[in-house]
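Residue numbers (this note's numbering): 10 to 407.
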């Protein structure tokens, strides 16, 4: 069988840089021709001369469908994939009571070893050399079993990218501080979503991307799933130019109250709209605003859209708060309302993940962050419940 891949418990992505393959640009240029010929073959049931035409395409063209576009994804965008650790729990107490039985730990840096093992890096340049940097409960093994361990489920670890662990902290605590995560509670939460008798390659979560099986597949058009999702200090200056300029003469101050004959939504108070809108897709929200003049007028203030930004895109797109501040610092009145709404819609639509991805640049990393945060949402309440249970146990023993 020749080995198999296992993936990050948080993002579902590869745990090795060499799993990412880039296509030859010339081969990529031939892809549309190959796809058109293949479609014609299926439609016309072996049109005359199709075999000779197919022979003109080399293996590089055929492989390009399962490789990433180097014009879309840069090699610096995937460096984060090389910084991996694993979350485990100690089930053996060694001398002097260390590691402590039942305690969670995070391993030193490592990589996936192709046969179900997370292997610790031996290169000092890739790993910590100070004892202060090593988790005191880490049993310091050379390798650890990922997701499954024969009949014994206790010895397994859950591998992850360091960046993904920060995003997990962001999803829980609204700040990317991984040291705040309780390791025992998180290990228990991840174990709930692990099926050691299933595929054993990742957690039972919807990672929102092409299905991965024995080996990582680089789906052409899905480059964003391996693009660095980290929060970066220099990102704002790169994002601001991407925000579309306003319409030359936006329509503001228009009132259609006198034309409204019947509006069933007019009975909805502002507080109810505040409750409803975060659950609507942007498309549905716009449709409701178009259908009801009452809803339109109640939701066109700066405060409303600032609140919508805080409750939705700010969770996966923290940079949007600073973008809003810069956008409205020199404008006032109803133009502030318009800009806040435009920013909300842009943040929502520009970072939604699709297979036919067309956006490049820094938005790819943010779209990946959004994908990851959506995937790990089921873990959060389980983790918080475990944390509460542990804290209640500590208080009861005092």
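Positions of the beta carbon are idealized from the N, C-alpha and C atoms, including for glycine.
Measure how close the beta-carbons of residue i and residue j come, nearest whole angstrom, since I'm counting them as under 8 Å.
{"i": "residue 166", "j": "residue 120", "result": "Going by Cβ atoms, the distance from residue 166 to residue 120 rounds to 13 Å, so no, they are not a contact pair."}
{"i": "residue 111", "j": "residue 192", "result": "Residue 111 to residue 192, Cβ: 11 Å. No contact."}
{"i": "residue 382", "j": "residue 353", "result": "That pair is no contact at about 17 Å."}
{"i": "residue 195", "j": "residue 212", "result": "With 8 Å as the limit, residue 195 and residue 212 do not qualify as a contact, their Cβ atoms being about 12 Å apart."}
{"i": "residue 249", "j": "residue 332", "result": "6 Å"}
{"i": "residue 348", "j": "residue 244", "result": "Actually they are not in contact, since the Cβ atoms of residue 348 and residue 244 sit about 20 Å apart, beyond 8 Å."}
{"i": "residue 236", "j": "residue 377", "result": "5 Å"}
{"i": "residue 231", "j": "residue 218", "result": "6 Å"}
{"i": "residue 124", "j": "residue 12", "result": "5 Å"}
{"i": "residue 149", "j": "residue 90", "result": "About 24 Å separates the two Cβ atoms, so there is no contact after all."}
{"i": "residue 287", "j": "residue 309", "result": "With a Cβ gap of about 17 Å, residue 287 and residue 309 do not count as contacting."}
{"i": "residue 129", "j": "residue 151", "result": "6 Å"}
Among residues of its own chain, excluding the 5 on either side of residue i, which ones have a beta-carbon nearer than 6 Å to its beta-carbon?
{"i": "residue 307", "result": "279 and 282"}
{"i": "residue 369", "result": "81"}
{"i": "residue 239", "result": "172"}
{"i": "residue 396", "result": "191 and 194"}
{"i": "residue 21", "result": "211 and 216"}
{"i": "residue 30", "result": "76 and 227"}
{"i": "residue 494", "result": "What is shown of the chain runs 10 to 407, which leaves residue 494 out entirely."}
{"i": "residue 201", "result": "391"}
{"i": "residue 138", "result": "Any reading at residue 138 is ruled out, since the residue's pLDDT is 46, under 50, leaving its predicted position unreliable."}
State the start and end residues of the unbroken beta strand (DSSP E) segment that holds residue i.
{"i": "residue 334", "result": "Unbroken run through residue 334 is the alpha helix (DSSP H), 328-337; no beta strand (DSSP E)."}
{"i": "residue 129", "result": "126-129"}
{"i": "residue 168", "result": "167-170"}
{"i": "residue 94", "result": "93-98"}
{"i": "residue 152", "result": "152-154"}
{"i": "residue 190", "result": "Element bounds for residue 190: n/a, residue is neither H nor E."}
{"i": "residue 284", "result": "It is not in any beta strand (DSSP E) - residue 284 instead sits in the alpha helix (DSSP H) that spans 279-285."}
{"i": "residue 318", "result": "Not the beta strand (DSSP E): residue 318 falls in the alpha helix (DSSP H), residues 311-320."}
{"i": "residue 115", "result": "113-115"}
{"i": "residue 119", "result": "119-121"}
Using CA atoms only, rank isn't needed, just tell me which of the options is closest to residue i.
{"i": "residue 351", "options": "292, 301, 253 and 324", "result": "253"}
{"i": "residue 345", "options": "314, 322 and 327", "result": "314"}
{"i": "residue 28", "options": "148, 223 and 347", "result": "223"}
{"i": "residue 214", "options": "388, 143 and 329", "result": "388"}
{"i": "residue 88", "options": "24, 329 and 130", "result": "24"}
{"i": "residue 93", "options": "17, 235 and 86", "result": "17"}
{"i": "residue 122", "options": "75, 91, 14 and 201", "result": "14"}
{"i": "residue 276", "options": "302, 289 and 293", "result": "302"}
{"i": "residue 391", "options": "218, 181, 336 and 284", "result": "181"}
{"i": "residue 142", "options": "118, 124, 151 and 131", "result": "118"}
{"i": "residue 184", "options": "299, 304 and 325", "result": "325"}
{"i": "residue 204", "options": "299, 220 and 156", "result": "156"}
{"i": "residue 255", "options": "34, 340, 402 and 145", "result": "340"}
{"i": "residue 398", "options": "197, 187 and 323", "result": "197"}
{"i": "residue 86", "options": "234, 247 and 271", "result": "234"}
{"i": "residue 271", "options": "246, 334, 285 and 304", "result": "304"}
Using a Cβ-Cβ cut-off of 7 Å (strictly less than) and excluding sequence neighbours within five positions of residue i, which residues of its own chain qualify?
{"i": "residue 372", "result": "251, 359 and 360"}
{"i": "residue 153", "result": "95, 97, 116, 126, 127 and 166"}
{"i": "residue 37", "result": "73 and 78"}
{"i": "residue 291", "result": "354, 357 and 358"}
{"i": "residue 323", "result": "329 and 330"}
{"i": "residue 393", "result": "none"}
{"i": "residue 187", "result": "174, 175 and 178"}
{"i": "residue 410", "result": "This structure cannot speak to residue 410, because the chain is shown only from 10 to 407."}
Can you list, in chain order, the residues of its chain whose CB lies under 8 Å from that of residue i, leaving out five sequence neighbours each side?
{"i": "residue 160", "result": "The predicted position of residue 160 is uncertain, since its pLDDT is 47 and thus under 50; no value can be drawn from it."}
{"i": "residue 19", "result": "169, 170, 173, 174, 176, 177, 381, 384 and 385"}
{"i": "residue 32", "result": "69, 72, 73, 76, 77, 78, 79 and 229"}
{"i": "residue 289", "result": "297"}
{"i": "residue 402", "result": "none"}
{"i": "residue 408", "result": "In the structure as shown, the chain starts at 10 and stops at 407, and residue 408 therefore has no counterpart that could be examined."}
{"i": "residue 221", "result": "14, 16, 21, 210 and 211"}
{"i": "residue 247", "result": "370 and 371"}
{"i": "residue 189", "result": "178, 181 and 182"}
What are the boundary residues of the alpha helix (DSSP H) that includes residue i?
{"i": "residue 299", "result": "291-300"}
{"i": "residue 356", "result": "343-359"}
{"i": "residue 15", "result": "Looking at the DSSP string, residue 15 is not in any alpha helix (DSSP H), and its letter there is neither H nor E."}
{"i": "residue 375", "result": "371-384"}
For the ligand SAM, I want to know if residue i counts as a neighbour, meaning its beta carbon is within less than 8 Å of at least one of the ligand's heavy atoms.
{"i": "residue 353", "result": "With respect to small molecules bound, the structure shown includes none, and the ligand SAM cannot be examined in it."}
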